[in-house]
Amino acid sequence: MLKIGSHVSFSSKGLLTAAQEAATYGSSSFMIYTGAPQNTRRKPMDELYINEGKEAMQASGIEEIVVHAPYIINLGSYKDATYKLAVDFLQEEMRRTHHIGVRNIVLHPGAYTDKDVDYGINRIAEGLNEVLNGTKETDVNIALETMAGKGTEVGRSFEELARIIEKVDQNDRLTVCMDTCHMHDSGYDLIHDLDGVLKQFDDLVGLNRVAVVHVNDTKNPRGAGKDRHAPIGAGWLGHEALHAIVHHELLAGRPFILETPWIGKEAKTQRPMYEAEIALLRGNVQERFGDEFLGHVERLHHFFEKEGIDPRSYVINSWDTLKNDAKAKKADPREPMERLYDLVVENDVLPDLSEEAINQRLTAWFAGKSVLVNA
Ligand code: FE
Ligand code: FE
Ligand code: ZN
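Read in order, the letters of the sequence shown correspond to residues 165 to 539 in my numbering.
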């Protein structure tokens, strides 16, 4: 079965809370941070509801899950205090990950700040050697994430990841987390040349190292080096390209994890968009949402056709305007998803539906008419 899910909360009852949230999205996998990604405050291991969480996972058919290390860890830092904190805290996080029963912890390799990329690569490899040596009692792998190349991030190319891996003694415990938004933003053409990109990765790093895939759309054009995630279909990659990645035979068996944002006015009361995104990527929309939902999506197709709006060109043109036309952006800073939502509401296309419900149907509209045909 396809392993697909999203980032979920690990707060309050730890693994139980996470498993319950994942189940509401129809997930078959999920990812957690063991605490706030910005700090090192962590709950004691015996307050993580691990047994209860595992029972809940089993009940909804979730086997493999993933942990993400916090952003404050920077193994690339030349500052001794920052580096030492990174090594110590990553070791602690690995022990926690082991205790929860998870195989891979995703790590942003690091940033070289005032130094250069060669320095960063050496320093990160030094740090990984230290971390792996100190955690031999665990069977946890570190999954280095492919980065967008924002600022001084290391890991923006497959070459950089390969150079780090090469320098690490126990590199059988190093895996990779591919992030679709990051790879696109750093320049890889996942839309027109997915096979070529995977081949390049295989030659440099080895596809057998891929342990996790982060599935995100992106707010920026290819090569922008930005790293801003968009909901599936609402960005430059689009539903079709992401669907092809999730179902690619060379990536089969890996957990696919969404880290997509909620775009809308009622962030406090509405859930993230994961449930619709998961069903669309998995291909069980009718089963999950029913025929009435598909009727609504059909209505959206009629409405937007009448308005002369095509999903792909509308999304791309909107982002393009926001990026290149400062005046237009100032006059109307709304993202494509917000604009489409407002159009639907102003024209009363789907009366009496919540913002979340409308956004779910818009997400399905992004996926094209095959969603209706296959039903
Ligand atoms: Fe990440
Ligand atoms: Fe990611
Ligand atoms: Zn990102």
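Backbone N, C-alpha and C define an ideal beta-carbon position, used for all residues, glycine too.
If you're wondering where the values come from, they're calculated on a predicted model, not measured in any experiment.
Look up residue i in the DSSP assignment and say whether it is helix, strand or coil.
i, result
"E430", "coil"
"E309", "strand"
"S350", "coil"
"M195", "strand"
"D336", "helix"
"I421", "strand"
"E499", "coil"
"D512", "coil"
"N293", "helix"
"A275", "strand"
"V266", "coil"
"M342", "strand"
"G169", "strand"
"E317", "strand"
"H393", "strand"
"A375", "strand"
"V230", "strand"
"D489", "coil"
"D280", "coil"
"T261", "helix"
"T299", "coil"
"T382", "strand"
"V449", "helix"
In angstroms with no decimal places, state the Cα-to-Cα distance between residue i and residue j.
i, j, result
"D333", "E294", "10 Å"
"G417", "G351", "26 Å"
"S175", "R373", "30 Å"
"R287", "V537", "53 Å"
"I409", "E471", "31 Å"
"L325", "V281", "12 Å"
"I355", "G274", "27 Å"
"G169", "L422", "6 Å"
"G284", "T277", "8 Å"
"H403", "L444", "9 Å"
"T310", "L271", "9 Å"
"D359", "P515", "43 Å"
"L406", "H412", "10 Å"
"I306", "R446", "27 Å"
"N238", "P425", "24 Å"
"C345", "S534", "24 Å"
"G387", "A312", "8 Å"
"I329", "K363", "18 Å"
"P385", "W400", "6 Å"
"A440", "E430", "17 Å"
"N488", "K390", "15 Å"
"G178", "I396", "27 Å"
"V340", "V449", "30 Å"
Measuring alpha carbon to alpha carbon, tell me which residue in the options is nearest residue i.
i, options, result
"H232", "R267, G240 and A220", "R267"
"D349", "A394, D280, Q255 and D367", "A394"
"E185", "V172, K177 and G178", "V172"
"I427", "A398, N448, L406 and G454", "A398"
"D252", "L180, L507, K429 and N297", "N297"
"A183", "R452, I214 and I236", "I214"
"R320", "L338, M347 and V340", "M347"
"N203", "T382, C341 and Y235", "Y235"
"D336", "A375, D353 and T181", "A375"
"Y505", "A495, F530 and G225", "F530"
"M221", "D210, M195 and K243", "M195"
I'd like to know if residue i contacts chain C, where contact means its C-beta is closer than 8 Å to some C-beta of that chain.
i, result
"I214", "In summary, chain C is missing from the structure at hand, where a single protein chain is found."
May I ask you to verify whether the stretch 498–508 touches the stretch 465–480, counting CB pairs closer than 8 Å and requiring at least 3?
By the C-beta criterion, the stretch 498–508 is judged to be in contact with the stretch 465–480, since at least 3 inter-stretch pairs fall below 8 Å.
Meets three-Cβ-pair contact criterion under 8 Å: the stretch 361–369 and the stretch 310–328
Taking 8 Å as the limit for Cβ pairs, the verdict is that the stretch 310–328 does touch the stretch 361–369.
Give a yes or no on contact between the stretch 240–254 and the stretch 430–442, applying the rule of three or more CB pairs nearer than 8 Å.
The stretch 240–254 makes no contact with the stretch 430–442; the number of CB pairs closer than 8 Å stays below 3.
Can you pull every residue whose C-beta falls closer than 7 Å to some heavy atom of ligand 3, listed in chain order?
Counting only beta-carbon distances shorter than 7 Å to the non-hydrogen atoms of ligand 3, the qualifying residues in chain order are A312, D343, C345, H346, N380, D391, H393 and E423.
Taking contact to mean 3 or more Cβ pairs, one atom from each stretch, closer than 8 Å, check whether the stretch 249–266 and the stretch 221–238 are in contact.
Yes, the stretch 249–266 is in contact with the stretch 221–238.
Contact between the stretch 296–305 and the stretch 251–260: three or more CB pairs below 8 Å?
By the Cβ criterion, the stretch 296–305 is in contact with the stretch 251–260, since at least three pairs of Cβ atoms, one from each stretch, lie closer than 8 Å.
Using 8 Å as the cut-off, can you tell me whether the stretch 455–470 makes contact with the stretch 186–196, which would need three or more C-beta pairs spanning the two stretches below that distance?
Segments in contact, no.
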